[in-house]
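>
2 protein chains.
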Amino acid sequence: MTTELRGGGSGTSGPAAPPVAMTVAGTDSGGSAGLACDLKTFHNCGVHGVFAVTAVTVQNSLGVSGVHPIPPDTVAAQIDAVASDIGVGAAKTGMLASAEIIRAVAAAFQRNGIGRGLASPLVIDPVAASMHGDPLLREDALDAIRDLLFPVATLVTPNLDEVRLLTGITVSDRRSAERAARALYEFGPESVLVKGGHLANDPRSTDLLFDGETFTELPAERIDTPHTHGGGDSLGAATTAALAKGEALVDAVRAGKRYVTCAVATAYPLGAGVGPVGHFWRLSDGG
Amino acid sequence: MTTELRGGGSGTSGPAAPPVAMTVAGTDSGGSAGLACDLKTFHNCGVHGVFAVTAVTVQNSLGVSGVHPIPPDTVAAQIDAVASDIGVGAAKTGMLASAEIIRAVAAAFQRNGIGRGLASPLVIDPVAASMHGDPLLREDALDAIRDLLFPVATLVTPNLDEVRLLTGITVSDRRSAERAARALYEFGPESVLVKGGHLANDPRSTDLLFDGETFTELPAERIDTPHTHGGGDSLGAATTAALAKGEALVDAVRAGKRYVTCAVATAYPLGAGVGPVGHFWRLSDGG
Numbered sequence: 395m396t397t398e399l400r401g402g403g404s405g406t407s408g409p410a411a412p413p414v415a416m417t418v419a420g421t422d423s424g425g426s427a428g429l430a431c432d433l434k435t436f437h438n439c440g441v442h443g444v445f446a447v448t449a450v451t452v453q454n455s456l457g458v459s460g461v462h463p464i465p466p467d468t469v470a471a472q473i474d475a476v477a478s479d480i481g482v483g484a485a486k487t488g489m490l491a492s493a494e495i496i497r498a499v500a501a502a503f504q505r506n507g508i509g510r511g512l513a514s515p516l517v518i519d520p521v522a523a524s525m526h527g528d529p530l531l532r533e534d535a536l537d538a539i540r541d542l543l544f545p546v547a548t549l550v551t552p553n554l555d556e557v558r559l560l561t562g563i564t565v566s567d568r569r570s571a572e573r574a575a576r577a578l579y580e581f582g583p584e585s586v587l588v589k590g591g592h593l594a595n596d597p598r599s600t601d602l603l604f605d606g607e608t609f610t611e612l613p614a615e616r617i618d619t620p621h622t623h624g625g626g627d628s629l630g631a632a633t634t635a636a637l638a639k640g641e642a643l644v645d646a647v648r649a650g651k652r653y654v655t656c657a658v659a660t661a662y663p664l665g666a667g668v669g670p671v672g673h674f675w676r677l678s679d680g681g
Numbered sequence: 395m396t397t398e399l400r401g402g403g404s405g406t407s408g409p410a411a412p413p414v415a416m417t418v419a420g421t422d423s424g425g426s427a428g429l430a431c432d433l434k435t436f437h438n439c440g441v442h443g444v445f446a447v448t449a450v451t452v453q454n455s456l457g458v459s460g461v462h463p464i465p466p467d468t469v470a471a472q473i474d475a476v477a478s479d480i481g482v483g484a485a486k487t488g489m490l491a492s493a494e495i496i497r498a499v500a501a502a503f504q505r506n507g508i509g510r511g512l513a514s515p516l517v518i519d520p521v522a523a524s525m526h527g528d529p530l531l532r533e534d535a536l537d538a539i540r541d542l543l544f545p546v547a548t549l550v551t552p553n554l555d556e557v558r559l560l561t562g563i564t565v566s567d568r569r570s571a572e573r574a575a576r577a578l579y580e581f582g583p584e585s586v587l588v589k590g591g592h593l594a595n596d597p598r599s600t601d602l603l604f605d606g607e608t609f610t611e612l613p614a615e616r617i618d619t620p621h622t623h624g625g626g627d628s629l630g631a632a633t634t635a636a637l638a639k640g641e642a643l644v645d646a647v648r649a650g651k652r653y654v655t656c657a658v659a660t661a662y663p664l665g666a667g668v669g670p671v672g673h674f675w676r677l678s679d680g681g
């Protein structure tokens, strides 16, 4: 088997280096969310995933029962080691665990050219809690994400709970979604994606993208499944993968939406609780 | 997109739960080896990967510059959380970091029915050092793997350096490979795979499988590439995935060999040092 993966190459007969995306995230031992979900999504998008682990969680389909944060210096050292040798086409953040880790990550991004206006676009998913409501961030740390990471973000992707925690706004319709997007934009990111708009009377799953001037509605089929673990991570990771390939922001977000729609459509049961969104649909034989 | 991934299901319209494989391993921030490699391989084999992180390494294509071991209790708790809820079809180990972690892992395997003669087959890859020679195991810990994990292993998969450390035998031909396999078998595993036999005058990459009675030669095309990071992990993970699907041991090892041959054939450059074996060949459009 000698599949030629990409054209070009540099005088060698094997495949050339693929685009590279980084995730700075926690692990989910159940393999549904966090690092594992980001890496599967990067892989499925044809992008090599590199990463910095921020925390190891003890987790299954029922919830999170333990968290071991990684020392901030070790988190930053992972970013430095990868960025200085392999390079980073685009990066995203997931669970950041503590304000100390957020400070170390923000400094590492800056010295490695990761962030808006720098060499590598940056997607900030301000993860505050697991889908079961287990805290994934110490109480003061959401402030640190807002103050240290939103101003250097190419895109922020809060869900409605995170929007409420960050802005005090409860999104219930298009009007409140726009108000929330403007409030989030004031924190300094280049663009804001308010996820899961739940617009009144909308049978679809519509997200709202705002770049400071234009609102873009991103509708998608709403799919009825109880198994949605990793859905938010998949959206952010697929968007980041598209940015690593050099796509423009709005195209990258559309690619992210297409990915997560396929993932939710192929979600599967696992364990006694909430199963993961699916990734096997990208394999040549569907898994 | 509503691809039906597997037949059956249980009265629901979505895909049924896939087979599940576990890896107990360290992370490589470069995304080439360890946890990331195991998870990409499981995914490519149509198996959901769950895991316990044993250590976070700071690593790129040039080597390992830092290791943060996870507390043994947290390693064991990850195994317990996943096995008790999601279940484990088969398991493998990679980097285990220290004797304390090995003791905790051995006890967790036993109480969760993972090991030879128990519900879930177990593949032990006695990882002692990175491919750059950086130690991934404290000095006394290889003894702990031999004493605590070999006797409960369905299969052990040492490379030639690990064979020499474990048995004192330097494999140089079929005769010494057989002698090493017999010596390793005496430590108690159900089967032994001596990897990369380098048999005299053999232009192929031949591994030798021994079950205490029969020697089975597993030849494969030898592929000339400098980018082999994650090759050993891919072989072990693909073998474990096949065991999780219920395949017999010799068939599972053959599946592992087929996987790693495709992976080495599609290896790619990454960073200034050793690039990874490839996994994109399993995607529907080749990545």
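Protein chains in written order, with my numbering: chain X, 395 to 681; chain Y, 395 to 681. Backbone N, C-alpha and C fix where the C-beta goes; we use that ideal spot for every residue, glycine too.
#1: Please check if any C-beta of chain Y sits within less than 7 angstroms of the C-beta of X/Gly681.
#2: Helix, strand or coil, according to DSSP, for Y/Pro545 in the structure here?
#3: So X/Ala661 contacts chain Y; which residues on that side make the cut at Cβ distance below 9 angstroms?
#4: By alpha-carbon positions, which one of X/Thr548, X/Gly440, X/Ser426 ends up nearest to X/Pro412?
#5: Buried or exposed: X/Gly626, going by 16 or more other Cβ atoms within 10 Å of its Cβ?
#6: For X/Asp534, count neighbouring Cβ atoms within 10 angstroms of its own Cβ and tell me buried if that reaches 16, exposed if not.
#7: Pick from X/Ile473, X/His673, X/Arg676: whose alpha carbon is nearest that of X/Gly483?
#8: According to the neighbour-count rule (16 or more other Cβ atoms, all chains shown, within 10 Å of its Cβ), is Y/Thr432 buried or exposed?
#9: Looking at Y/Ala635 and Y/Ala415, is the spacing between their C-beta atoms short of 7 angstroms?
#10: Could you work out which residue in X/Thr487, X/Ala477, X/Asp422, X/Ala493 is closest to X/Val461 when comparing CA atoms only?
#11: Does the stretch 651-662 of chain X come close enough to the stretch 484-501 of chain X that 3 or more CB-CB pairs lie under 8 angstroms?
#12: Can you give the beta carbon distance from Y/Val521 to Y/Met489, rounded, assuming they're within the 8 angstroms contact cut?
#13: What are the boundary residues of the beta strand (DSSP E) that includes Y/Ile539?
#14: Starting from Y/Asp555, find everything on chain X with Cβ-Cβ shorter than 8 angstroms and list it in chain order.
#15: Tell me whether X/Gly402 is buried or exposed, calling it buried when 16 or more other Cβ atoms sit within 10 Å of its Cβ.
#16: Classify X/Pro463: buried if its beta carbon has 16 or more other beta carbons within 10 angstroms, exposed otherwise.
#17: Bridge partners of Y/Glu607, per DSSP?
#18: Looking at C-alpha atoms only, which residue of Y/Val476, Y/Val418, Y/Asn506 is the closest neighbour of Y/Pro466?
#19: Examine chain Y for any beta-carbon lying closer than 7 angstroms to the beta-carbon of X/Gly405, and answer yes or no.
#20: Determine contact between the stretch 525-545 of chain X and the stretch 569-577 of chain X, defined as no fewer than three beta-carbon pairs at a distance below 8 angstroms.
#21: What are the partner residues of X/Arg458, as DSSP defines its beta bridges?
#22: Which term fits X/Ala471, buried or exposed, when burial requires 16 or more other beta carbons within 10 angstroms of its beta carbon?
#23: With a Cβ-Cβ cutoff of 7 angstroms, do X/Thr548 and X/Gly630 count as a contact?
#24: Terminal residues of the continuous beta strand (DSSP E) containing Y/Asp422?
#25: Got a sec, what are the start and stop residues for the beta strand (DSSP E) X/Ala485 sits in?
#26: Taking the alpha-carbon positions, what's the Y/Ala575 to Y/Gly428 distance?
#27: Shorter than 7 angstroms from the beta carbon of Y/Lys434 to some beta carbon of chain X?
#28: Got a sec: which bits of the stretch 616-635 of chain X sit with their beta carbon under 7 angstroms from any beta carbon on chain Y, in order along the chain?
#29: Tell me whether X/Gly669 sits in a helix, a strand or coil according to DSSP, three-state version.
#30: Restricting to Cα atoms, I'd like to know which of Y/Ala410, Y/Ala523, Y/Leu456, Y/Thr622 is closest to Y/Gly420.
#31: X/Val476 and X/Thr448: beta carbons closer than 7 angstroms?
#32: So with CB distances below 9 angstroms, who are the chain Y contacts of X/Leu637?
#33: Please state the DSSP three-state secondary structure of Y/Ser514.
#34: DSSP three-state label for X/Val565, please.
#35: Residues of the stretch 478-505 of chain Y with a CB closer than 9 angstroms to any CB of chain X: list them in chain order, please.
From the atom records:
#1: Yes, X/Gly681 counts as interfacial toward chain Y.
#2: Per DSSP, reduced to three states, the secondary structure at Y/Pro545 is helical.
#3: Around X/Ala661, the beta-carbon contacts reaching into chain Y at under 9 angstroms are Gly408, Pro409.
#4: Checked all of X/Thr548, X/Gly440, X/Ser426; the closest Cα to X/Pro412 is X/Gly440.
#5: With 16 or more Cβ atoms within 10 Å of its Cβ, X/Gly626 is classed as buried.
#6: Classification for X/Asp534: exposed.
#7: For X/Gly483, the nearest C-alpha among the options comes from X/Ile473.
#8: Here residue 432 of chain Y turns out to be Asp, not Thr, going by the sequence shown. Buried: at least 16 other Cβ atoms inside 10 Å.
#9: The Cβ-Cβ distance between Y/Ala415 and Y/Ala635 falls below 7 angstroms.
#10: Cα-wise, what sits closest to X/Val461 is X/Asp422.
#11: No contact exists between the stretch 484-501 of chain X and the stretch 651-662 of chain X.
#12: Indeed they touch by this definition, with Cβ atoms about 5 angstroms apart.
#13: First-last for Y/Ile539: undefined, no H or E at that position.
#14: Residues of chain X passing the Cβ test: none, with the nearest at roughly 24 angstroms.
#15: Note that X/Gly402 has pLDDT 34, beneath the 50 cutoff, so the model's placement of it is unreliable and no number is given.
#16: Its Cβ being crowded by 16 or more others within 10 Å, X/Pro463 is buried.
#17: Answer is none; Y/Glu607 lacks a bridge partner.
#18: Closest by alpha carbon: Y/Val418.
#19: Bear in mind that a pLDDT of 41 at X/Gly405, under 50, signals an unreliable position, so the number given afterwards is only what the model happens to contain. Not closer than 7 angstroms to any Cβ of chain Y, the Cβ of X/Gly405 fails to qualify, so no.
#20: Verdict: no, contact absent.
#21: The sequence shown places Val at residue 458 of chain X, not Arg. X/Val458 pairs with X/Gln453.
#22: Per the 10 Å Cβ criterion, buried.
#23: Between X/Thr548 and X/Gly630, the CB-CB gap reaches or exceeds 7 angstroms.
#24: The continuous beta strand (DSSP E) containing Y/Asp422 extends over residues 414-422.
#25: Residues 484-487.
#26: Looking at the two C-alpha atoms, the distance is approximately 25 angstroms.
#27: Yes, Y/Lys434 counts as interfacial toward chain X.
#28: Result list: Thr619.
#29: Residue state, collapsed to three classes: coil.
#30: Of Y/Ala410, Y/Ala523, Y/Leu456, Y/Thr622, the residue nearest in Cα terms is Y/Ala523.
#31: No, the pair does not count as a contact, with Cβ atoms beyond the cut-off.
#32: Within chain Y, no residue comes near X/Leu637; the closest Cβ sits about 17 angstroms away, beyond 9 angstroms.
#33: Strand at Y/Ser514.
#34: It is coil, neither helix nor strand.
#35: So the close ones are Ser478, Asp479, Ile480, Gly481.
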